[in-house]
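Since the structure comes first, as structure tokens, the remarks are kept for the end.
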Amino acid sequence: MKLIKPNFSLSYAGITLVLATFFALVMNLPVYSALADIFGKLDSVKIGFIISLPFFFAAALNFLFNLFSWPYITKPFFITLIIVSSFVSYASYNYGTLFDTDMINNIVETDSSEAGSYLSLYSFGWVALFGLLPAGILAFTKIKKPSSWLNFTLKKLGSMMASLVVIGVVAMMYYQDYASVGRNNSYLKKLIIPTQFVYSTTKFVKQKYFSTPIVYHELGLDAKQSPEALAAADTKPTLFVFLLGETARTYNYELNGYKRPTNPYTRDLNVISFKDVSSC
């Protein structure tokens, strides 16, 4: 069977606009899902504001993508970005995952068995449809060679200026709506693909590999309770401290019989470990 390859070509400005539109309309489904939930709880929402959202996202992403759309790097950069973004889109849409720096750290520390629990036909289908397919189309799409660097630069600047104009028009018409929704739902920015996970990954790499670790200091080692405080403690109600460990497995706790020393600071404090507990 002969492989049929796309027989069309686009300029660098054109391919960047197509990619920005794809990310704005398809890859950011988690954002639209969250917005739909938010709008459903409001008394009223301007139709124009809702319609402006994909135009705003496309314009903003087109401006940013133009910064990375250059000869020799466009295809490898955006093919990688599309595939990685499809995984992010899947996790955000289906699990509500926010890809901040802590989540990037969790991903790096996740072992293969834990990662394998998220694999399914549905996840493969999602990545294939939103990641592998568009990445394959991009790989076979011909990008027109610029006639000159001046022409290439002018088209890039023109595309970026057009994006700024669209953003400006949307801002003039619906600034209050964007500000209100964004201010009351600050988590939305962590759902935007690919800006949030790229920023978080960059920040994680900087902190992990290019920053001097903060030296651990114990403070107040000489602090002691006064006799008055100790006497008052006999008459005060008991203070109950409840510690809830996120994504913690009971069989990984030394307190529950695990062989490794995973609870060195609480081992001798006579704490109560609840073994028969589960969370969503």
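Residue 213 is where the sequence shown starts when you use the numbering used here, and the numbers rise one by one after that.
All residues carry an ideal CB built from backbone N, CA and C; glycine is no exception.
- Linking lysine 367 to phenylalanine 268 through their CA atoms gives a straight-line distance of about 20 Å.
- By the Cβ test, the stretch 404-418 is in contact with the stretch 232-250, since at least three Cβ pairs between them sit closer than 8 Å.
- For the pair phenylalanine 409 and asparagine 317, the CB atoms are not nearer than the 8 Å cut-off.
- Residue environment analysis places asparagine 363 among the exposed positions, since fewer than 16 neighbouring C-beta atoms fall within 10 angstroms of its C-beta.
- Residue state for serine 423 is assigned as coil, using DSSP reduced to three classes.
- Rounded to whole angstroms, the gap between the alpha carbons of serine 335 and tyrosine 302 is 7 Å.
- For leucine 222, the secondary structure class from DSSP, reduced to helix, strand or coil, is strand.
- Restricting attention to Ala232, Phe220, Ser412, the CA atom closest to the CA of methionine 372 is found in Ala232.
- In the three-state DSSP reduction, lysine 436 falls in the coil class, being neither helix nor strand.
- A Cβ-Cβ contact shorter than 8 Å links asparagine 397 with isoleucine 250.
- Residues Leu467 of the same chain have their beta carbon placed closer than 8 Å to that of threonine 478, with the five preceding and five following residues left out of the count.
- Within the DSSP secondary-structure output, isoleucine 355 pairs in a beta bridge with Leu222.
- Under a 10 Å Cβ-count criterion, serine 304 is classified as buried, with 16 or more other Cβ atoms of the shown protein chains found around its own Cβ.
- Isoleucine 294 sits buried, since 16 or more C-beta atoms from the chains shown fall within 10 Å of its C-beta.
- The residue from Ala374, Tyr330, Ser297, Asn306 with its alpha-carbon nearest to that of proline 346 is Ser297.
- Serine 221 is positioned such that its CB atom lies no closer than 8 Å to that of aspartate 312.
- Boundaries of the alpha helix (DSSP H) harbouring arginine 395: 361-396, taken from the DSSP string.
- About 6 Å separates the beta carbons of valine 339 and phenylalanine 299, which is inside the 8 Å limit, making them a contact pair.
- For threonine 313, the enclosing alpha helix (DSSP H) starts and ends at 313-321.
- Here alanine 351 really is in contact with lysine 287; their C-beta atoms are around 6 Å apart, less than 8 Å.
- If you compare the alpha carbons of Ser490, Asn475, Ile379, Asn278 with that of isoleucine 227, the shortest gap goes to Asn278.
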